[in-house]
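Worksheet: the structure to be examined is printed underneath.
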Ligand code: DGJ
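Residue numbers (the numbering used here): 1248 to 1982.
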């Protein structure tokens, strides 16, 4: 066999090894410490040999070969199997050809090296169907230093006749081990990204959304699979991925008769057949993948650093502390309500004031959620001097100014709905069009609607040069899809084209307003994915601001997203969603584990509370560089039985760290939390200081100097017994 090696490394090496008479090629896709190995052969499917820690040397010849035992080579795990032949499982691709045939057979054509648009190193494996004029380009964009690989595919119809594409996955990963534990993130409104783990058994487990919008409220297009044992933070082999797509998705985990787990990820094929005309191509979104030989935490840190560089807008910036008007005023405000809030915000040291819903609509005033959406003119009875007055008032107080919009939606009670019924996603056939939160969805497959949404954004920005932040909300999902714009035979393109329309709008908005901060919101955390995130600076993690729930929600978020991207606000107690009463310190300490903000009526705080707020906002600003740009170590999961939760952040140079611990229940008088630190410099000594401490210190060592080695091996005892006790420690290197 003649084996040719292609290493897709920083310096690509092409090496020919003469082993025998056939023409096998080994393609290695390397990151700093991981490696994917694919093997190609002329006119044969590309085989997926390995993904894991980088293997030293080139000892991967035939004995490295893996296939389903007792089966033909054609049954070996493939890179991108199409439906047909002995592919009995969910394939990566399924199409109906122009002649009605359901069968495809993708074989190796060529391998190319190029640069992705963002500069990533790209390997493209070109596959072609043995009979039909179909080409599939499987792409791997390699982010070497982050150990992240983005996989995607493009199907090109090279013939003249139309094909129907039923399924086209972003990635197909065949793994083999004794057992598999799947972590994923389910939930509902105000209860997003609850971590769940299950051992996979034979058959299929599907994680999906069919909702089109608010796709990440009930589940998320992210997974972590640990081999042979439940997921651990600092040990065990873990494979994880998150799909960069803001529409319907499907992640399928199918465990076959050989014990091989195929993970097939991508756009949800449900009701989404695409008619692909001759000469046209169809691209999938990117599945972002990372592997760790030593637990989940490393993968999270990979994604946090990758996200800061590639996945978020302005990922290297420190996010400002925000006061948002929603829970403090809801729809009930006038100019004075808002300027009073701004006065207090400025006194507190807050940096940005955000005017939420309720500021627009005249004929159909937005005094509740049943009117006004679509009519983006300022409500002149509430705000007679307009947005420009409010924004310049904010600036005069040293605050930045932000404003809320929901430009994809329309209330039936609006001028827009009356003027443009043809812009509204309906039910078709004269069927009633159901509202959700009293609103309909605008049809972003229609370029005129895209223009309207872009114009809405531009017009709002033009209301004042002092607007520096937009909160972009989306408060319903999609039912009964019928697009008045799409042709009859292409209604099933809706799900795909809606998301592409949204991205086209985002592209235009970002090109026109590169500096504005944009918050991604969809009834809270209903659209948290790296497809949308790259246009946004942050997301609103949940409409649930109860700190105990936020520990769970933000824990789930932190698996793939850096914490500074999560809007995390101190709100009133009792909490408006849950009624839970918690101390202000606990609410602050939890909110400081993300992008700190406040969302309450400041005048309801006592003088003592206001002083505390000033102290904590100042403290957060000091800690912010470490929280926003450091390495996050999850120490105790809020799901652990112990009723504690703890995490810490360490600056990249290991000179500073911030530690947070929370008590979520009563522990009895004799129990205490013993915790060991991570990520510190073992050789260095750190002075420990309790931040915004309670009346009685909970850590004896506050004020002491201890070595990083001691803190990581022996750790500290923390005296937190009552529910909602919490502690924040700042560690600063002294030598
Ligand atoms: C849902 C968002 O998540 C809230 O923060 C708030 O902006 C409301 N919409 C306003 O309608």
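C-beta: ideal position from N, C-alpha, C; glycine also.
Per DSSP, what kind of secondary structure is residue i in: helix, strand or coil?
{"i": "residue 1609", "result": "coil"}
{"i": "residue 1423", "result": "strand"}
{"i": "residue 1948", "result": "coil"}
{"i": "residue 1496", "result": "strand"}
{"i": "residue 1348", "result": "coil"}
{"i": "residue 1594", "result": "helix"}
{"i": "residue 1713", "result": "coil"}
{"i": "residue 1653", "result": "coil"}
{"i": "residue 1806", "result": "coil"}
{"i": "residue 1844", "result": "strand"}
{"i": "residue 1368", "result": "strand"}
{"i": "residue 1760", "result": "coil"}
{"i": "residue 1677", "result": "coil"}
{"i": "residue 1690", "result": "coil"}
{"i": "residue 1450", "result": "strand"}
{"i": "residue 1627", "result": "coil"}
{"i": "residue 1703", "result": "helix"}
{"i": "residue 1667", "result": "coil"}
{"i": "residue 1549", "result": "helix"}
{"i": "residue 1865", "result": "helix"}
{"i": "residue 1799", "result": "helix"}
{"i": "residue 1749", "result": "helix"}
{"i": "residue 1438", "result": "strand"}
{"i": "residue 1970", "result": "coil"}
{"i": "residue 1634", "result": "helix"}
{"i": "residue 1571", "result": "strand"}
{"i": "residue 1335", "result": "coil"}
{"i": "residue 1296", "result": "strand"}
{"i": "residue 1287", "result": "strand"}
{"i": "residue 1662", "result": "helix"}
{"i": "residue 1743", "result": "helix"}
{"i": "residue 1513", "result": "strand"}
{"i": "residue 1503", "result": "coil"}
Might you give, ordered along the chain, the residues of its own chain that have their beta carbon closer than 6 angstroms to the beta carbon of residue i, omitting 5 neighbours on each side?
{"i": "residue 1870", "result": "1905"}
{"i": "residue 1704", "result": "1756"}
{"i": "residue 1361", "result": "1369"}
{"i": "residue 1806", "result": "1547"}
Cutting at 8 angstroms between CB atoms, please list the residues of its own chain near residue i, excluding the five before and the five after it.
{"i": "residue 1919", "result": "1964, 1965, 1966, 1967, 1968"}
{"i": "residue 2050", "result": "Because the chain in this structure spans residues 1248 to 1982, residue 2050 falls outside the shown range and cannot be described."}
{"i": "residue 1834", "result": "1794, 1817, 1818, 1820"}
{"i": "residue 1895", "result": "1879, 1880, 1882, 1904, 1905, 1906, 1907, 1924, 1925, 1926"}
{"i": "residue 1670", "result": "1657, 1663, 1689, 1690, 1693, 1695, 1696, 1699, 1731"}
{"i": "residue 1987", "result": "This structure cannot speak to residue 1987, because the chain is shown only from 1248 to 1982."}
{"i": "residue 1910", "result": "1890, 1891, 1920, 1967, 1968, 1969, 1970, 1971, 1972, 1973"}
Who does residue i pair with in a DSSP beta bridge?
{"i": "residue 1787", "result": "1814"}
{"i": "residue 1358", "result": "1372"}
{"i": "residue 1883", "result": "1893"}
{"i": "residue 1922", "result": "1963"}
{"i": "residue 1771", "result": "According to DSSP, which records beta bridges pairwise, residue 1771 is partnered with nothing at all."}
{"i": "residue 1487", "result": "1471, 1537"}
{"i": "residue 1933", "result": "1953, 1980"}
{"i": "residue 1277", "result": "1282"}
{"i": "residue 1910", "result": "1891"}
{"i": "residue 1456", "result": "1496"}
{"i": "residue 1398", "result": "1387, 1534"}
{"i": "residue 1411", "result": "1343, 1522"}
{"i": "residue 1857", "result": "Answer by DSSP bridge pairing: none, since residue 1857 is not bridged."}
Below 8 angstroms, is the gap between the Cβ of residue i and the nearest heavy atom of ligand 2?
{"i": "residue 1626", "result": "With respect to small molecules bound, the structure shown includes ligand 1 and not ligand 2."}
Given residue i, which residues of its chain have a CB within under 7 angstroms of its CB, disregarding the five upstream and five downstream residues?
{"i": "residue 1545", "result": "1539"}
{"i": "residue 1725", "result": "1458, 1459, 1460, 1672, 1688"}
{"i": "residue 1499", "result": "1337, 1451, 1453, 1511"}
Between the stretch 1486-1500 and the stretch 1524-1542, do three or more beta carbon pairs fall short of 8 angstroms? yes
Is there contact between the stretch 1706-1714 and the stretch 1447-1464, where contact requires at least three CB pairs shorter than 8 angstroms? Because the criterion of three Cβ pairs below 8 angstroms is not met, the stretch 1706-1714 and the stretch 1447-1464 do not touch.
Using 8 angstroms as the cut-off, can you tell me whether the stretch 1554-1562 makes contact with the stretch 1598-1610, which would need three or more C-beta pairs spanning the two stretches below that distance? no
The stretch 1405-1417 / the stretch 1436-1443 touching (three or more Cβ pairs under 8 angstroms): no
Count the C-beta pairs between the stretch 1582-1601 and the stretch 1726-1743 that are closer than 8 angstroms, then say yes if the count reaches three, no if not. no
Decide yes or no for the touch test of the stretch 1641-1650 against the stretch 1613-1621: beta carbon pairs closer than 8 angstroms, at least 3 of them. Contact between the stretch 1641-1650 and the stretch 1613-1621 is absent, because fewer than three Cβ pairs lie under 8 angstroms.
Between the stretch 1852-1859 and the stretch 1565-1584, are three or more C-beta pairs nearer than 8 angstroms? Output reads no: the stretch 1565-1584 does not touch the stretch 1852-1859.
Is the number of C-beta pairs between the stretch 1759-1778 and the stretch 1714-1725 that are closer than 8 angstroms three or more? yes
Does the stretch 1498-1516 touch the stretch 1946-1955, meaning 3 or more C-beta pairs lie closer than 8 angstroms? no
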